[in-house]
Amino acid sequence: MHLAIEQALQERRFFKLICGASYRNTEFVATLAQIFAEAGAQVIDVGARPELVEAARTGIAAAKVPVAGLPLIMVSVGINQDLHFLRVEKDFNRCDDRGLCVNACPHEVFVGGEIRLENCLGCDHCVIACPSKALSLVARDPLGEVQSLLKQCLAAGASALEVHTGDGSLPELKSLLAQLAPLRDQIELLAFSLGAHGQSPAEIAQLAHTIRALAGPDILIQADGKPISGRKGEKSTLPCLELAETLFAQGLDCFVQVSGGTNDLTGPLARRRQSGIHGVGMGSFARKFIDLSPSEPLSEALLQEKIAKARILVESVAMSPLRV
-10 MHLAIEQALQ ERRFFKLICG ASYRNTEFVA TLAQIFAEAG AQVIDVGARP
40 ELVEAARTGI AAAKVPVAGL PLIMVSVGIN QDLHFLRVEK DFNRCDDRGL
90 CVNACPHEVF VGGEIRLENC LGCDHCVIAC PSKALSLVAR DPLGEVQSLL
140 KQCLAAGASA LEVHTGDGSL PELKSLLAQL APLRDQIELL AFSLGAHGQS
190 PAEIAQLAHT IRALAGPDIL IQADGKPISG RKGEKSTLPC LELAETLFAQ
240 GLDCFVQVSG GTNDLTGPLA RRRQSGIHGV GMGSFARKFI DLSPSEPLSE
290 ALLQEKIAKA RILVESVAMS PLRV
(Lines of atoms letter the chains of each structure in order from A and count residues from 1; the text may use other names and numbers.)
(Lines give C-alpha, C1' and ligand atoms only; values in the text may rest on other atoms or scores of the structure.)
Protein backbone atom coordinates (compact mmCIF):
# COMPACT_ATOMS: atom_id res chain seq x y z
CA MET A 1 0.00 0.00 0.00
CA HIS A 2 1.20 3.52 -0.81
CA LEU A 3 2.87 4.92 2.33
CA ALA A 4 1.08 8.29 2.36
CA ILE A 5 -2.28 6.56 1.77
CA GLU A 6 -1.64 4.14 4.62
CA GLN A 7 -0.73 7.04 6.90
CA ALA A 8 -3.93 8.93 6.00
CA LEU A 9 -5.98 5.81 6.72
CA GLN A 10 -4.22 5.16 10.03
CA GLU A 11 -4.86 8.77 11.04
CA ARG A 12 -8.50 8.47 9.92
CA ARG A 13 -8.38 11.42 7.55
CA PHE A 14 -8.55 9.61 4.20
CA PHE A 15 -10.68 11.35 1.54
CA LYS A 16 -11.59 10.01 -1.87
CA LEU A 17 -13.37 11.98 -4.57
CA ILE A 18 -15.69 9.75 -6.59
CA CYS A 19 -16.20 11.01 -10.14
CA GLY A 20 -18.49 8.08 -10.94
CA ALA A 21 -17.79 4.63 -12.35
CA SER A 22 -20.09 5.26 -15.33
CA TYR A 23 -19.19 8.94 -15.82
CA ARG A 24 -17.47 9.79 -19.11
CA ASN A 25 -17.14 13.60 -19.27
CA THR A 26 -13.35 13.91 -19.51
CA GLU A 27 -13.24 17.71 -19.30
CA PHE A 28 -15.22 17.80 -16.07
CA VAL A 29 -13.25 14.90 -14.62
CA ALA A 30 -10.09 16.98 -15.16
CA THR A 31 -11.71 19.97 -13.44
CA LEU A 32 -12.92 17.95 -10.46
CA ALA A 33 -9.51 16.28 -10.15
CA GLN A 34 -7.75 19.64 -10.08
CA ILE A 35 -10.11 21.09 -7.47
CA PHE A 36 -10.03 18.14 -5.08
CA ALA A 37 -6.33 17.42 -5.57
CA GLU A 38 -5.54 20.94 -4.42
CA ALA A 39 -8.04 20.59 -1.57
CA GLY A 40 -6.08 17.61 -0.24
CA ALA A 41 -7.91 14.48 -1.44
CA GLN A 42 -5.78 11.34 -1.31
CA VAL A 43 -7.57 9.56 -4.19
CA ILE A 44 -9.48 10.55 -7.33
CA ASP A 45 -11.77 7.68 -8.39
CA VAL A 46 -12.80 7.47 -12.07
CA GLY A 47 -14.30 4.92 -14.44
CA ALA A 48 -11.97 2.29 -15.84
CA ARG A 49 -11.19 3.97 -19.13
CA PRO A 50 -7.70 5.23 -20.07
CA GLU A 51 -9.07 8.55 -21.35
CA LEU A 52 -10.61 9.21 -17.91
CA VAL A 53 -7.32 8.37 -16.19
CA GLU A 54 -5.54 10.79 -18.52
CA ALA A 55 -8.14 13.47 -17.73
CA ALA A 56 -7.63 13.02 -13.99
CA ARG A 57 -3.87 13.13 -14.46
CA THR A 58 -4.21 16.41 -16.38
CA GLY A 59 -6.28 17.93 -13.58
CA ILE A 60 -3.87 16.78 -10.88
CA ALA A 61 -0.91 18.17 -12.83
CA ALA A 62 -2.58 21.60 -12.83
CA ALA A 63 -3.11 21.56 -9.05
CA LYS A 64 -0.86 22.70 -6.24
CA VAL A 65 -1.02 19.44 -4.31
CA PRO A 66 -0.40 19.43 -0.54
CA VAL A 67 1.46 16.07 -0.61
CA ALA A 68 3.82 15.13 -3.42
CA GLY A 69 2.70 12.01 -5.27
CA LEU A 70 -0.93 12.37 -4.24
CA PRO A 71 -3.71 11.98 -5.06
CA LEU A 72 -3.57 8.52 -6.56
CA ILE A 73 -5.85 7.87 -9.51
CA MET A 74 -8.19 4.96 -8.82
CA VAL A 75 -10.26 3.14 -11.42
CA SER A 76 -13.42 1.20 -10.62
CA VAL A 77 -14.49 -2.13 -12.05
CA GLY A 78 -17.57 -4.13 -11.14
CA ILE A 79 -18.97 -7.63 -11.18
CA ASN A 80 -22.49 -8.97 -11.58
CA GLN A 81 -24.14 -5.80 -12.95
CA ASP A 82 -23.16 -3.66 -9.99
CA LEU A 83 -25.48 -0.64 -9.90
CA HIS A 84 -22.57 1.81 -10.02
CA PHE A 85 -22.16 0.96 -13.70
CA LEU A 86 -25.69 1.83 -14.85
CA ARG A 87 -26.65 4.76 -17.05
CA VAL A 88 -29.92 6.08 -18.37
CA GLU A 89 -31.70 4.81 -21.46
CA LYS A 90 -34.69 6.57 -23.02
CA ASP A 91 -37.64 5.02 -24.87
CA PHE A 92 -38.53 7.89 -27.22
CA ASN A 93 -41.84 6.21 -28.16
CA ARG A 94 -43.05 6.55 -24.58
CA CYS A 95 -41.72 10.06 -23.95
CA ASP A 96 -44.43 12.72 -23.51
CA ASP A 97 -41.97 15.64 -23.87
CA ARG A 98 -42.97 17.28 -20.61
CA GLY A 99 -39.34 17.85 -19.69
CA LEU A 100 -39.59 16.65 -16.12
CA CYS A 101 -36.37 14.70 -16.61
CA VAL A 102 -34.54 17.95 -17.42
CA ASN A 103 -35.63 19.50 -14.14
CA ALA A 104 -34.91 16.36 -12.13
CA CYS A 105 -31.41 15.66 -13.46
CA PRO A 106 -28.62 17.33 -11.44
CA HIS A 107 -25.88 16.41 -13.94
CA GLU A 108 -26.89 18.02 -17.28
CA VAL A 109 -27.73 14.77 -19.05
CA PHE A 110 -30.79 16.14 -20.87
CA VAL A 111 -29.69 19.19 -22.87
CA GLY A 112 -31.55 20.72 -25.81
CA GLY A 113 -33.43 17.57 -26.69
CA GLU A 114 -30.26 15.47 -26.60
CA ILE A 115 -29.04 12.94 -24.07
CA ARG A 116 -25.51 13.76 -22.95
CA LEU A 117 -24.76 10.24 -21.81
CA GLU A 118 -21.19 11.14 -20.85
CA ASN A 119 -22.67 13.20 -17.98
CA CYS A 120 -24.79 10.37 -16.57
CA LEU A 121 -23.85 9.00 -13.15
CA GLY A 122 -26.61 6.41 -12.98
CA CYS A 123 -28.63 8.11 -10.25
CA ASP A 124 -32.38 7.51 -10.43
CA HIS A 125 -33.58 11.12 -10.21
CA CYS A 126 -34.86 11.28 -13.79
CA VAL A 127 -36.36 7.77 -13.70
CA ILE A 128 -38.40 8.64 -10.63
CA ALA A 129 -39.56 11.94 -12.15
CA CYS A 130 -40.70 10.49 -15.49
CA PRO A 131 -44.50 9.90 -15.44
CA SER A 132 -44.54 8.00 -18.74
CA LYS A 133 -41.91 5.46 -17.69
CA ALA A 134 -39.79 6.34 -20.71
CA LEU A 135 -36.53 6.20 -18.74
CA SER A 136 -34.68 3.28 -17.21
CA LEU A 137 -31.20 2.51 -15.94
CA VAL A 138 -29.29 -0.12 -17.87
CA ALA A 139 -25.80 -1.53 -17.89
CA ARG A 140 -23.59 0.27 -20.41
CA ASP A 141 -20.18 -0.54 -21.85
CA PRO A 142 -19.65 -4.07 -20.49
CA LEU A 143 -16.15 -4.46 -19.15
CA GLY A 144 -15.24 -7.44 -21.27
CA GLU A 145 -11.62 -8.36 -20.71
CA VAL A 146 -10.82 -6.68 -17.41
CA GLN A 147 -7.11 -7.43 -17.49
CA SER A 148 -6.62 -5.70 -20.84
CA LEU A 149 -8.62 -2.68 -19.74
CA LEU A 150 -6.70 -2.32 -16.51
CA LYS A 151 -3.37 -2.57 -18.30
CA GLN A 152 -4.41 0.44 -20.39
CA CYS A 153 -5.48 2.36 -17.28
CA LEU A 154 -2.26 1.57 -15.43
CA ALA A 155 -0.24 2.63 -18.46
CA ALA A 156 -2.21 5.91 -18.52
CA GLY A 157 -1.31 6.69 -14.90
CA ALA A 158 -3.72 4.85 -12.60
CA SER A 159 -2.21 3.18 -9.54
CA ALA A 160 -5.27 2.25 -7.46
CA LEU A 161 -8.21 -0.05 -8.09
CA GLU A 162 -11.65 -0.53 -6.57
CA VAL A 163 -13.72 -3.64 -7.17
CA HIS A 164 -17.47 -3.15 -6.79
CA THR A 165 -18.80 -6.51 -5.65
CA GLY A 166 -22.47 -6.25 -6.67
CA ASP A 167 -24.49 -8.95 -4.92
CA GLY A 168 -21.32 -10.68 -3.82
CA SER A 169 -21.05 -13.50 -6.36
CA LEU A 170 -17.94 -15.42 -5.25
CA PRO A 171 -17.25 -17.21 -8.56
CA GLU A 172 -17.17 -13.86 -10.40
CA LEU A 173 -15.10 -12.27 -7.66
CA LYS A 174 -12.54 -15.09 -7.69
CA SER A 175 -12.34 -14.90 -11.48
CA LEU A 176 -11.69 -11.17 -11.32
CA LEU A 177 -9.02 -11.59 -8.63
CA ALA A 178 -7.29 -14.17 -10.82
CA GLN A 179 -7.16 -11.62 -13.65
CA LEU A 180 -5.79 -9.01 -11.27
CA ALA A 181 -3.01 -11.22 -9.92
CA PRO A 182 -0.42 -10.40 -12.63
CA LEU A 183 -1.06 -6.67 -12.11
CA ARG A 184 -1.11 -6.65 -8.31
CA ASP A 185 2.40 -5.22 -7.88
CA GLN A 186 1.40 -2.17 -9.95
CA ILE A 187 -1.61 -1.39 -7.72
CA GLU A 188 -0.69 0.80 -4.74
CA LEU A 189 -4.18 0.69 -3.25
CA LEU A 190 -6.67 -2.15 -3.72
CA ALA A 191 -10.20 -1.52 -2.48
CA PHE A 192 -13.46 -3.48 -2.47
CA SER A 193 -16.89 -1.85 -2.30
CA LEU A 194 -19.59 -3.83 -0.47
CA GLY A 195 -23.26 -3.22 0.27
CA ALA A 196 -26.27 -1.52 -1.32
CA HIS A 197 -27.35 -4.63 -3.26
CA GLY A 198 -29.92 -6.15 -0.92
CA GLN A 199 -27.67 -8.26 1.28
CA SER A 200 -28.13 -8.27 5.02
CA PRO A 201 -25.43 -6.70 7.20
CA ALA A 202 -24.40 -10.19 8.30
CA GLU A 203 -24.01 -11.32 4.67
CA ILE A 204 -21.95 -8.24 3.86
CA ALA A 205 -19.73 -8.87 6.89
CA GLN A 206 -19.18 -12.46 5.78
CA LEU A 207 -18.29 -11.25 2.27
CA ALA A 208 -15.81 -8.78 3.75
CA HIS A 209 -14.10 -11.57 5.70
CA THR A 210 -13.99 -13.73 2.55
CA ILE A 211 -12.40 -10.90 0.55
CA ARG A 212 -9.92 -10.31 3.35
CA ALA A 213 -8.95 -14.00 3.20
CA LEU A 214 -8.67 -13.99 -0.60
CA ALA A 215 -6.91 -10.65 -1.11
CA GLY A 216 -4.90 -10.31 2.08
CA PRO A 217 -4.78 -7.66 4.82
CA ASP A 218 -3.31 -4.87 2.70
CA ILE A 219 -6.67 -3.75 1.31
CA LEU A 220 -9.38 -1.16 1.87
CA ILE A 221 -13.04 -2.08 2.33
CA GLN A 222 -15.64 0.48 1.25
CA ALA A 223 -18.85 0.23 3.26
CA ASP A 224 -21.45 1.49 0.79
CA GLY A 225 -24.66 2.91 2.24
CA LYS A 226 -26.95 4.41 -0.40
CA PRO A 227 -24.93 5.06 -3.57
CA ILE A 228 -25.31 8.03 -5.89
CA SER A 229 -27.73 9.85 -3.60
CA GLY A 230 -25.99 13.16 -2.93
CA ARG A 231 -28.39 14.08 -0.17
CA LYS A 232 -27.93 16.30 2.87
CA GLY A 233 -28.37 15.47 6.52
CA GLU A 234 -27.42 12.79 9.00
CA LYS A 235 -30.16 10.44 7.82
CA SER A 236 -28.44 10.16 4.43
CA THR A 237 -25.07 9.19 5.87
CA LEU A 238 -26.25 6.95 8.70
CA PRO A 239 -26.57 3.67 6.68
CA CYS A 240 -22.92 3.62 5.62
CA LEU A 241 -21.76 4.30 9.18
CA GLU A 242 -24.01 1.55 10.56
CA LEU A 243 -22.59 -0.86 7.99
CA ALA A 244 -19.02 0.07 8.92
CA GLU A 245 -19.85 -0.43 12.59
CA THR A 246 -21.22 -3.89 11.78
CA LEU A 247 -18.01 -4.82 9.98
CA PHE A 248 -15.92 -3.75 12.98
CA ALA A 249 -18.25 -5.58 15.38
CA GLN A 250 -17.77 -8.74 13.30
CA GLY A 251 -14.01 -8.51 13.78
CA LEU A 252 -12.92 -7.24 10.38
CA ASP A 253 -9.25 -6.27 10.73
CA CYS A 254 -8.53 -4.04 7.75
CA PHE A 255 -9.10 -0.41 6.79
CA VAL A 256 -12.75 0.59 6.29
CA GLN A 257 -13.86 3.67 4.37
CA VAL A 258 -17.52 4.67 3.96
CA SER A 259 -19.39 5.93 0.92
CA GLY A 260 -22.94 6.08 -0.40
CA GLY A 261 -24.96 8.89 1.17
CA THR A 262 -21.85 10.55 2.60
CA ASN A 263 -21.84 14.31 3.06
CA ASP A 264 -20.39 17.10 5.19
CA LEU A 265 -21.92 15.53 8.33
CA THR A 266 -20.33 12.09 7.89
CA GLY A 267 -17.15 12.97 9.79
CA PRO A 268 -18.85 14.73 12.72
CA LEU A 269 -21.46 11.95 13.04
CA ALA A 270 -18.74 9.28 12.95
CA ARG A 271 -17.00 11.10 15.79
CA ARG A 272 -20.12 11.19 17.94
CA ARG A 273 -20.92 7.54 17.27
CA GLN A 274 -17.28 6.42 17.62
CA SER A 275 -17.74 4.53 14.38
CA GLY A 276 -14.01 3.98 13.90
CA ILE A 277 -13.99 4.62 10.15
CA HIS A 278 -10.67 5.31 8.45
CA GLY A 279 -11.96 7.58 5.72
CA VAL A 280 -14.78 8.79 3.50
CA GLY A 281 -15.51 8.73 -0.21
CA MET A 282 -17.84 11.38 -1.65
CA GLY A 283 -19.29 11.73 -5.12
CA SER A 284 -22.67 13.30 -5.84
CA PHE A 285 -22.72 15.36 -2.64
CA ALA A 286 -19.22 16.67 -3.30
CA ARG A 287 -20.34 18.01 -6.67
CA LYS A 288 -23.40 19.65 -5.16
CA PHE A 289 -21.40 21.11 -2.30
CA ILE A 290 -18.88 22.90 -4.50
CA ASP A 291 -21.80 23.98 -6.74
CA LEU A 292 -20.15 23.62 -10.13
CA SER A 293 -21.85 22.32 -13.27
CA PRO A 294 -20.03 20.64 -16.18
CA SER A 295 -20.82 23.51 -18.56
CA GLU A 296 -19.91 26.37 -16.23
CA PRO A 297 -16.90 28.49 -17.32
CA LEU A 298 -14.20 28.47 -14.68
CA SER A 299 -12.26 31.66 -14.07
CA GLU A 300 -9.27 31.69 -11.73
CA ALA A 301 -11.30 33.43 -9.02
CA LEU A 302 -14.10 30.88 -9.34
CA LEU A 303 -11.58 28.03 -9.30
CA GLN A 304 -10.16 29.25 -5.99
CA GLU A 305 -13.67 29.56 -4.57
CA LYS A 306 -14.44 25.94 -5.51
CA ILE A 307 -11.15 24.71 -4.07
CA ALA A 308 -11.97 26.43 -0.78
CA LYS A 309 -15.36 24.67 -0.70
CA ALA A 310 -13.78 21.32 -1.54
CA ARG A 311 -11.27 21.80 1.26
CA ILE A 312 -14.15 22.11 3.75
CA LEU A 313 -15.30 18.61 2.77
CA VAL A 314 -11.81 17.11 2.87
CA GLU A 315 -11.16 18.60 6.30
CA SER A 316 -14.53 17.47 7.63
CA VAL A 317 -13.40 13.86 7.21
CA ALA A 318 -10.36 14.42 9.41
CA MET A 319 -12.71 14.91 12.33
CA SER A 320 -13.58 11.21 12.34
CA PRO A 321 -12.54 9.78 15.71
CA LEU A 322 -10.10 7.08 16.68
CA ARG A 323 -11.95 3.89 17.47
CA VAL A 324 -12.03 3.00 21.16
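Residue 94 in this note's numbering sits at position 105 of the sequence shown, with consecutive numbering throughout. Idealized CB from N, CA, C, for every residue including glycine. The model shown is predicted, which means the values in this text are computed figures rather than measured ones.
Opposing strand residues paired with residue i [DSSP bridges]
i           : result
residue 270 : 5
residue 212 : 183 and 247
residue 207 : For residue 207, which the question treats as bridged, DSSP gives no partner whatsoever.
residue 78  : 125
residue 61  : 32
residue 66  : 152
residue 100 : 103
Counted within 10 angstroms of its Cβ, other Cβ atoms place residue i as buried (16 or more) or exposed
i           : result
residue 60  : buried
residue 85  : exposed
residue 131 : Confidence at residue 131 is low in this model, with a pLDDT of 49, below 50, so its placement is unreliable and the value that follows should be read with caution. Under this definition residue 131 is an exposed residue.
residue 337 : Residue numbering for the chain in the displayed model covers -10 to 313; residue 337 lies beyond these limits and cannot be assessed.
residue 248 : buried
residue 81  : exposed
residue 224 : exposed
residue 202 : exposed
residue 301 : exposed
residue 151 : buried
residue 261 : exposed
residue 170 : exposed
residue 1   : buried
residue 272 : buried
residue 290 : exposed
residue -6  : buried
residue 293 : exposed
residue 29  : buried
residue 228 : buried
residue 13  : buried
residue 263 : exposed
residue 22  : buried
residue -8  : exposed
residue 58  : exposed
Nearest-angstrom beta carbon gap, residue j and residue i [assumed within contact, 8 Å]
i           : j           : result
residue 45  : residue 33  : 5 Å
residue 149 : residue 177 : 6 Å
residue 108 : residue 286 : Actually they are not in contact, since the Cβ atoms of residue 108 and residue 286 sit about 17 Å apart, beyond 8 Å.
residue 65  : residue 101 : With a Cβ gap of about 30 Å, residue 65 and residue 101 do not count as contacting.
residue 250 : residue 205 : Actually they are not in contact, since the Cβ atoms of residue 250 and residue 205 sit about 29 Å apart, beyond 8 Å.
residue 48  : residue 10  : At roughly 18 Å, the Cβ-Cβ gap does not stay under 8 Å, so residue 48 and residue 10 are not in contact.
residue 175 : residue 39  : That belief does not hold up - the Cβ atoms of residue 175 and residue 39 are roughly 14 Å apart, past 8 Å.
residue 219 : residue 274 : 5 Å
residue 243 : residue 279 : Contact doesn't hold; Cβ gap of about 31 Å is too wide.
Cβ-Cβ distance between residue i and residue j below 8 Å
i           : j           : result
residue 226 : residue 255 : yes
residue 237 : residue 270 : no
residue 166 : residue 154 : no
residue 257 : residue 305 : yes
residue 16  : residue 53  : no
residue 277 : residue 24  : no
residue 267 : residue 6   : no
residue 68  : residue 42  : no
residue 212 : residue 232 : yes
residue 259 : residue 230 : yes
residue 115 : residue 93  : yes
residue 200 : residue 180 : no
residue 252 : residue 298 : no
residue 316 : residue 4   : As shown, the chain starts at -10 and ends at 313. That puts residue 316 outside it, with no answer to give.
residue 136 : residue 156 : no
residue 125 : residue 78  : yes
residue 98  : residue 87  : no
residue 172 : residue 139 : yes
residue 198 : residue 159 : no
(message) To test your reading of the DSSP string, which unbroken alpha helix (DSSP H) runs of 4 or more residues are found completely within the region 111 to 185?
(response) Annotation note: the region 111 to 185 contains the following uninterrupted alpha helix (DSSP H) runs of length 4 or greater, listed N- to C-terminal: 114 to 118, 135 to 145 and 159 to 169.
(request) Only counting runs of 4 or more residues, tell me where the alpha helix (DSSP H) segments fall wholly within the region 271 to 298, in order along the chain. (result) Within the region 271 to 298, the complete alpha helix (DSSP H) runs of at least 4 residues are 273 to 279.
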